[in-house]
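Working notes, structure below.
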Amino acid sequence: MTTSTPTVGRAPARPTRPRRGPLARAEARAGSRLVLPSVVIVFALVVVPILWTVMLAFQDLRLIDLRRAGLFGDYTLDNFVTVFTSPGFWQALGTTLVYAVVGTTGAIFFGLITAMALRKPFRGRTFVRAAVLLPFVAPIVAVTFVWKTMLNPQYGVVNVWGAALGWEDPIGFLTQRSLTTSFFGIPVDLPIALITVIVFEMWRTFPFAFLFLTARLEAIPGELEEAATVDGATPSQSFWHVVFPQLVSTIAILTVLRFIWTFNNFDDVYLLTGGTAGTEVVSVRVFNFLIGRGDIGAASAQALVLAAILAVLVILYMRFIARTRES
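Okay, structure coming up:
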């Protein structure tokens, strides 16, 4: 009869790492040298500006004092107190959220409709698809000038057509804060300038969603819809139960990207209204603090607050998407 040696109380042996040979070490050094330029560029163009913005946000600095800003300045929280207590900040934040949510939703919705409408082949489809991309590829200065001319309350073609249709007074689509109208006899004040910049955002960016969704539609196997048709599914049932589930992941990515870009959008709103008439979003407010007042500290603090809010919203959205996929 044999007896085994007890192993209780003995620490398990650590796995020994295989020793790398000279060739493996040379490949590792070559890989490090290849990656090093990218690391330096990212550090210089991304990390350093972020750290510099954080440092400025905690210092009481004006534009004229920028030269004395350094690593060991007088740090304070006064800029954040100024941001949160200044009049108009919370209203600008609410306007930004409405602008981002409605603009993103509308752009993806119209992009989906356009992608579905141009899905089947027909004569001239390539030309029509190229024409759809024009709002997205056209220079922003040119398209904002066209819109401002069309919507001008004095000589704009929209108000001319409106007068022909019976409008009593011309509408300042980009200069008028609210427009009182009646729905079923109930007077309602519409934020007409904000609605106009949101519509402009939808019109300009829906081709981006159209591109993504068209590429995904081209990858869906045709056998799935043919099988649904053979089983007696109507076109709407085929869309909701066969096509749309294939687009969910693409729509989720589009939603995140478009929301981030729209939340940080500056040029559209500034070129159309300058942030007046109830259209001041936080990015325009940061610009006004930086250029108009020369208050670098407060502008940097608002930029940090904007980035923090955006990061929280994106994290919550990504966790929601992850739970939805798991369920």
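For the sequence shown, this note's numbering begins at 908 and goes up steadily by one.
Yeah, the Cβ is synthetic: ideal placement off N, Cα and C, and Gly gets one too.
Note that this is a predicted model, so its numbers are computed, not measured.
No Cβ-Cβ contact shorter than 7 Å links F996 with V988. Judged by beta-carbon spacing, L1081 lies within the 7 Å limit of L1058, meaning their Cβ atoms are closer than that value. Note that the C-beta distance between F1196 and A1205 is below 7 Å.
Burial check for L1072: the Cβ neighbour count within 10 Å stays below 16, so the residue is exposed.
Cβ-Cβ distances below 8 Å link N1171 to S1190, L1213, L1217 in the same chain, with the five nearest sequence neighbours on each side left out; the list follows chain order. Membership of S939 in the alpha helix (DSSP H) is indicated by the continuous run 929-949.
Burial state of I1093 is exposed, judged by a 10 Å Cβ sphere holding fewer than 16 other Cβ atoms. For the set D981, F950, V946, A951, the Cα lying nearest the Cα of M962 is the one of D981. Counting only runs of 4+ residues, the alpha helix (DSSP H) found wholly inside the stretch 1143-1197 occupies 1151-1170, 1174-1179, 1189-1194, in chain order.
Scanning the stretch 974-1045 from its first residue to its last, the whole alpha helix (DSSP H) runs of 4-plus residues come out as 985-992, 996-1024, 1032-1039, 1041-1044. Contact between the stretch 1029-1036 and the stretch 1129-1136 is absent: fewer than 3 CB-CB pairs across the two stretches fall below 8 Å. The residue from G1018, S945, Y1224 with its alpha-carbon nearest to that of L1120 is G1018.
Between D1174 and I1047, the C-beta spacing is below 7 Å.
Separation of R1200 and I971 (C-alpha to C-alpha, rounded to the nearest whole angstrom) is 11 Å. Cα atoms of D985 and A937: separation of roughly 49 Å, rounded to the nearest angstrom. Excluding five sequence positions before and after R1192, the CB atoms of its chain that fall closer than 6 Å to its own CB belong to A999, given in chain order. Under DSSP, I1093 shares a beta bridge with F1090. Exclusion of the five residues before and after T983 leaves F965, Q966, D967 as the residues of its chain whose Cβ lies within less than 8 Å of its Cβ. Exposure of Q1061 is indicated by the presence of fewer than 16 other C-beta atoms within 10 angstroms of its C-beta. Collapsing the DSSP output to three states places R1111 in a helix. R1123 carries a helical assignment under DSSP once its states are collapsed to helix, strand and coil. Counting along the chain, no alpha helix (DSSP H) covers A1140, and no H or E run does either. Under the Cβ criterion (8 Å, minimum of three pairs), the stretch 1005-1012 counts as touching the stretch 1100-1109.
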